[in-house]
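Reviewing the structure listed below.
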Amino acid sequence: MLVYKNILIAVDGSSEAEWAFNKAVEVAKRNNATLSIINVIDTRSYASVEAYDRSISERATQFAESLLDGYKRVAESRGVNKVDTYIEYGSPKIIIPKKIAQKLGVDLIMCGSTGLNAVERFIIGSVSEAIVRHAECDVLVVRTETMPHNFQPEVATKKLLDEHKQ
Numbered sequence: 460m461l462v463y464k465n466i467l468i469a470v471d472g473s474s475e476a477e478w479a480f481n482k483a484v485e486v487a488k489r490n491n492a493t494l495s496i497i498n499v500i501d502t503r504s505y506a507s508v509e510a511y512d513r514s515i516s517e518r519a520t521q522f523a524e525s526l527l528d529g530y531k532r533v534a535e536s537r538g539v540n541k542v543d544t545y546i547e548y549g550s551p552k553i554i555i556p557k558k559i560a561q562k563l564g565v566d567l568i569m570c571g572s573t574g575l576n577a578v579e580r581f582i583i584g585s586v587s588e589a590i591v592r593h594a595e596c597d598v599l600v601v602r603t604e605t606m607p608h609n610f611q612p613e614v615a616t617k618k619l620l621d622e623h624k625q
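Using our numbering, read the sequence shown as starting at 460 and increasing by one per residue.
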């Protein structure tokens with residue numbers, strides 16, 4: 460296939476993910492593709508805490524909705540004609556390449572490269588590495604090491620992050 464028709468971009472609220480999102484918008488425009496934006500709430504990271512504080516999952520979902528709404532507005536304002544958003548719960552390493560990509564018939568997954576160092580990658584692995592390993596379609600890992608030092612996120616701003624920490 461020489462043209463991508465259905466692109467999936469994984470976002471998590473980080474500047475690195477937003478850098479990858481910006482590139483995904485441009486790829487979607489060039490290919491007149493559907494841009495599907497996903498945020499996976501990794502329930503494993505707060506399962507034990509949630510037993511004491513039920514509002515954690517509600518706040519995580521509210522944050523994901525705010526994040527995805529912001530990304531959708533930006534993509535549409537930049538000329539992407541078809542934008543869909545998805546919130547999933549579980550392990551992003553499994554959900555993105557095995558579940559959602561197949562369900563949506565994605566032909567390209569884009570994601571930011573890991574922010575982990577070599578020891579952290581060895582112990583827990585990176586999401587981008589798992590996507591590359593398990594996806595049945597093309598994967599483009601955006602090198603965040605080349606992200607300009609003056610890059611200012613529009614969506615994953617400190618204000619949005621602060622609003623959802625409360």
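Don't be surprised by glycine CBs; every beta carbon is placed ideally from N, CA and C.
On a predicted model such as this, the values are computed, not experimentally measured, just so you know.
Where does glycine 564 land, buried or exposed, given buried means 16+ other C-beta within 10 angstroms?
As a working mapping, residue 564 is identified with position 105 in the sequence shown. Under this definition glycine 564 is an exposed residue.
So what does glutamate 595 bridge to, in DSSP terms?
On the sequence shown, residue 595 is found 136 positions in, with the first residue counted as 1. None, per the DSSP bridge assignment.
From the DSSP output, in three-state form, read off valine 486 for me.
Here residue 486 refers to the residue found at position 27 of the sequence shown. Assignment of valine 486 by DSSP, reduced to helix, strand and coil, places it in the helix class.
State buried or exposed for aspartate 528, treating a residue as buried only when at least 16 other CB atoms are found within 10 Å of its CB.
Here residue 528 corresponds to residue number 69 of the sequence shown, with the count starting at 1. Aspartate 528 is exposed by the Cβ-count criterion.
Residues bridged to alanine 469 (per DSSP):
Counting from one through the sequence shown, the residue named residue 469 turns up at place 10. Answer is Ile497.
Are the beta-carbon atoms belonging to glycine 571 and alanine 483 less than 8 angstroms from one another?
Start at 1 with the first residue of the sequence shown, and residue 571 comes out as number 112. Start at 1 with the first residue of the sequence shown, and residue 483 comes out as number 24. Judged by beta-carbon spacing, alanine 483 lies beyond the 8 angstroms limit of glycine 571, meaning their Cβ atoms are not closer than that value.
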